[in-house]
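Numbering (full-length UniProt numbering), first residue to last: 1 to 220.
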């Protein structure tokens with residue numbers, strides 16, 4: 001079993017309970033940036049293999065990642081976890097991670113969250129919806145008088161068209177060569193909006209890089 005870093009994060013998140021407040025802080029589920037940091041400080045082994053530029057991870061990485069999050073949920077510091085898990089055997093990691101069994105030996109996944117880039121596109125909106133015209137109980141409008149002007153002169157009943165001003169579309173740069181256009185946005189994204197978009201785009205960027213549709217990490 002080999003997974004990309006995005007798939008590894010999904011399986012680890014599926015095996016962990018929902019985020020809960022402990023000691024006044026929110027224990028979050030792992031993400032791709034956290035996996036890379038754990039590998040840098042030795043809590044995760046290097047990738048098991050590579051498919052081109054894509055790093056691949058195996059079951060031991062999954063056990064290590066979940067074991068670290070279990071110990072953090074118990075209040076252990078990173079230094080304490082490093083001392084305990086450095087060089088730990090698969091059996092020791094199994095005992096700490098407590099993975100729920102499934103036919104392929106991986107944690108039973110939670111219901112997959114919908115990926116916004118795979119669904120049908122939302123209908124384009126150029127402005128607020130137009131309310132229906134109110135019912136009228138009075139007499140009908142008089143007919144528009146016929147235009148008897150000379151050819152080429154404007155009709156009084158048809159005013160000249162007014163060109164509409166181009167509206168600015170907010171955009172969020174996700175990575176080098178990847179920009180998200182918020183065509184239907186009614187306001188400029190806030191700092192919290194940008195943080196949420198950045199977290200949600202990790203899996204999309206991994207897919208784009210894997211398929212050669214985005215620049216590899218570290219290159220402009």
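The C-beta atom is built at its ideal place from N, Cα and C for all residues, glycine as well.
Looking at the DSSP output, residue 180 bridges to 172.
Residue 76 and residue 207 have their C-alpha atoms spaced approximately 34 Å apart.
DSSP places residue 55 in the strand class (E or B) of the three-state scheme.
Distance between residue 171 and residue 186, taken at the CA atoms: about 12 Å. Note: residue 49 is bridge-paired with 56 in the DSSP secondary-structure output. Fewer than three Cβ pairs drawn from the stretch 34 to 45 and the stretch 90 to 98 lie within less than 8 Å of each other, which leaves the two stretches out of contact. A direct Cα-to-Cα measurement between residue 56 and residue 73 gives close to 27 Å. The beta-carbon distance between residue 16 and residue 85, rounded to whole angstroms, is 16 Å. This is too long to meet the 8 Å contact definition.
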